[in-house]
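Working notes for the structure below.
Residue numbers (this note's numbering): 3 to 289.
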């Protein structure tokens, strides 16, 4: 919030174009996805959270259909599913522990994914409809989210405990917080630019693949044992990217077996519908 305000002082002053009601919703969703993701780690281990996070693309696509009215081809859905499977395998290959599913944790992380599915599409709709800048969206969303968080942590006593904990080693803690804030702000600006130019689905695809890229970079920087699962998962991700690219050139492509099945179901439905209409008409004439 402060960084976006400082940037606006250097560049252009922030002029609000989006209604405050929309920002109140965005702030609640932002706070929800961050807090619920952290809360989920109290019930789930890290690999399990990675599985759900890697599948974030699918709820975002569903959200864009409901909120923005977008339509995707068969290949887009297939590419999304394959990419989620590939990224899940890729991230789990880097983990030394197996997934551990807990009912409460699954519910919490599912709610976090629901917030993720809504937030990107609401941002895209607001930025395109009202022509809002990145700074405006960041400033108002996080300013209102800060107010929410201050009320929640203040009434629960978490704020006082957190402040006391940071005061024990103030220089190190606040330096780390500052560096984390700067890097997070830069990443957020990049994501919002992607949302504006390419849409929420592409932005989530890029951010979801970030984990896989970080693992690849870690191989270059550190000596790590190689697992053959990296190859299979990498090939799945590459296949998903190819299918996504192919769908742009052939948006109406559907595999022939599925097309034949669909035509069979459609013809069966139409024949049954005609039969029922004739039967009901005969019954009406008799009565």
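Backbone N, C-alpha and C fix where the C-beta goes; we use that ideal spot for every residue, glycine too. All figures in this text were calculated on a predicted structure; none of them were measured in a lab.
Item	Value
Taking the alpha helix (DSSP H) that residue 36 belongs to, which residues open and close that run?	22-42
In the structure shown, what three-state DSSP assignment does residue 67 receive?	helix
Starting from the C-beta of residue 268, find all residues in its chain whose C-beta is less than 8 Å away, skip the five residues before and the five after it, and write them out in chain order.	none
Please state the DSSP three-state secondary structure of residue 52.	helix
Go to residue 74, then tell me how far its alpha helix (DSSP H) extends in each direction, as first and last residue.	Where residue 74 is concerned, there is no enclosing alpha helix (DSSP H), given that its DSSP letter is neither H nor E.
Note down the Cα distance separating residue 158 from residue 164, rounded to an integer number of angstroms.	11 Å
Report, in whole angstroms, the separation of the C-beta atoms of residue 20 and residue 128, which I expect to be a contact under 8 Å.	5 Å
Once DSSP output is grouped into helix, strand and coil, what is the label at residue 230?	coil
Output yes or no for whether 9 Å exceeds the beta carbon distance between residue 2 and residue 205.	This structure does not reach residue 2, given that the chain is present from 3 up to 289, and the question cannot be answered.
Output the boundary residues of the alpha helix (DSSP H) element that contains residue 132.	105-132
Can you check whether the CB of residue 118 is closer than 9 Å to the CB of residue 72?	no
In its own chain, which residues sit with a C-beta less than 8 Å from the C-beta of residue 130, not counting the 5 before and 5 after it?	198
Around the C-beta of residue 176, are 16 or more other C-beta atoms found within 10 angstroms, so that it is buried, or is it exposed?	exposed
Please classify residue 230: is it buried, with 16 or more other beta-carbons within 10 angstroms of its beta-carbon, or exposed?	exposed
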